[in-house]
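Working notes, structure below.
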Amino acid sequence: VSATFAASLVTSPALGAYLENAYSDNLVVWLATAVAVLDVLFILLFVPESLPEKIRPVSYGSQISWEQADPFGALKRIGADKLILLLCCTVFLSYLPEAGEYSSFFVYLRLVMNFSAEEVASYIALVGVLSVIAQTLILTFLMRYLGHKASIMFGLVFEISQLICYGFGSQTWIIWMAGCIAAMSSVTYPAISAFASEHAAPDQQGAAQGLITGIRGLCNGLGPAVFGCIFYLFGVDLNEENGTKSANTSHVHDAFREMVPGPPFAFGAILVIMAFLVAIFIPENPHSSSIAGRKKSAKLNESFNNGTGDVKIEAEPLLLNDNNL
């Protein structure tokens with residue numbers, strides 16, 4: 016799924032630029048809106064329900080209450096499972112700079128790095144093609160031979176590298192190299208999603224994936240705002256009418272920009288380093304300890320049943336559960 020999204024990055028910018036030059040901006044907006052509406056209709060009419068009927072909860076299909084629709088109430092479930100908490104923290108710290116990067120990077124290329132429109136389209140196409148390769152061939156190899164956790168760590172290392180290149184690189188060849196590295200970092204979220212899918216119980220797939228996707232949605236709102244504030248604080252104006260230097264620039268800002276041309280990307284690298292440190296604590300086999308705990312509880316239960324007491328110890332079901340349990 017992520018690979019097809021990356022493939023769309025190859026065609027959409029070039030198609031949008033062609034339609035804009037041949038017709039107008041309004042046509043591009045209306046065409047994008049029509050495609051989005053068709054996408055929704057296709058999902059409603061043709062995409063089947065993935066949750067089998069035999070394991071659907073009793074509340075399935077019932078009227079949604081305000082408590083169920085409360086997004087902040089859903090976020091409270093993150094702390095209910097340590098593994099989900101680790102995954103959500105990793106997603107938040109790694110995707111926040113990625114979301115901010117998506118919102119401003121191509122304007123940054125035009126105004127700060129002086130890329131032409133054709134160079135930006137070629138850059139997007141290169142990253143898109145390499146992302147397809149990374150999320151199909153390379154991710155499959157990593158999953159098969161290294162495992163889920165190593166795949167997550169692999170993607171985070173490349174994301175740190177590309178953000179450092181964007182933050183401190185001021186030459187064109189560094190930016191092109193960073194684009195190749197960015198394509199390799201695109202395996203991070205598919206690896207996290209596959210990890211959650213592998214270790215979630217069949218009736219908890221939607222809940223686990225929904226929490227992770229919800230964190231990404233939160234980042235889509237916060238990331239552009241964070242990057243915009245950092246650009247403003249360091250005197251970088253990404254409005255084409257005003258150029259790249261805002262009115263509140265100073266000699267300190269100019270000196271800092273010579274050392275760090277892209278301050279938000281350098282800040283993003285720090286966040287991803289924190290995500291890497293959090294990901295270290297993600298267990299490769301998260302429920303081996305829970306299995307041992309259940310066996311210990313069963314032995315303890317048996318010992319009580321053989322004695323005078325009649326005590327039963329039952330483990331609470333986890334949000335992320337091994338499929339073999």
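Offset between the sequence shown (1-based) and my numbering: plus 15. We put the beta carbon where it would ideally sit given N, CA and C, even for glycine. All values reported here derive from a predicted model rather than from experimental measurement.
{"Asked": "Taking Q177 as the reference, which of I153, P112, V127, K164 has the closest Cα?", "Found": "P112"}
{"Asked": "On the three-state DSSP scale, how would you describe V202?", "Found": "coil"}
{"Asked": "Look at the alpha carbon of V241 and the alpha carbon of L152, and state the distance between them as a whole number of angstroms.", "Found": "34 Å"}
{"Asked": "Looking at the secondary structure, which residues open and close the alpha helix (DSSP H) in which V122 lies?", "Found": "97–126"}
{"Asked": "Quick one: using the 10 Å Cβ neighbour count with 16 as the cut-off for buried, is R159 buried or exposed?", "Found": "exposed"}
{"Asked": "Among residues of its own chain, excluding the 5 on either side of A32, which ones have a beta-carbon nearer than 8 Å to its beta-carbon?", "Found": "A132, A136"}
{"Asked": "Return the CA-CA distance between I167 and L34, expressed in angstroms with no decimal places.", "Found": "38 Å"}
{"Asked": "Among the residues of its own chain, which have a CB less than 8 Å from the CB of N254, if the five just before and after it don't count?", "Found": "none"}
{"Asked": "Look at the alpha carbon of L384 and the alpha carbon of P278, and state the distance between them as a whole number of angstroms.", "Found": "Residue 384 falls outside the range modelled here, since the chain spans only 16 to 340, and no answer is possible."}
{"Asked": "Check V52 in the structure and name its three-state DSSP category.", "Found": "helix"}
{"Asked": "Sort V202, S118, A222, L141 by Cα distance to A165 and report the nearest one.", "Found": "V202"}
{"Asked": "Mind checking whether I227 and A209 have CB atoms under 8 Å apart?", "Found": "no"}
{"Asked": "Count the other CB atoms, across all protein chains shown, that sit within 10 Å of the CB of A37; report buried if there are 16 or more and exposed otherwise.", "Found": "exposed"}
{"Asked": "Please decide whether L286 counts as near chain B, where near means a Cβ-Cβ distance under 8 Å.", "Found": "The structure shown has no chain B; it contains just one protein chain."}
{"Asked": "Taking DSSP's pairing of strands, which residues face A136 in a bridge?", "Found": "Paired residue(s): none; A136 is not in a bridge."}
{"Asked": "Give the DSSP bridge partners of A222, in chain order.", "Found": "Its beta-bridge partners do not exist; DSSP assigns none."}
{"Asked": "Could you tell me whether the Cβ atoms of A140 and A47 are closer together than 8 Å?", "Found": "no"}
{"Asked": "Check for me: the alpha helix (DSSP H) holding V62 runs from which residue to which?", "Found": "No alpha helix (DSSP H) contains V62, which DSSP labels as neither H nor E."}
{"Asked": "Checking 8 Å against the spacing of the C-beta atoms, do T101 and I207 come in under that value?", "Found": "Inspection of the sequence shows that residue 101 is occupied by Leu rather than by Thr. For L101 and I207, no; Cβs fall outside 8 Å."}
{"Asked": "Give the straight-line distance between the Cα atoms of C104 and I175, rounded to the nearest whole angstrom.", "Found": "16 Å"}
{"Asked": "What span of residues does the beta strand (DSSP E) with V251 cover, start to end?", "Found": "251–254"}
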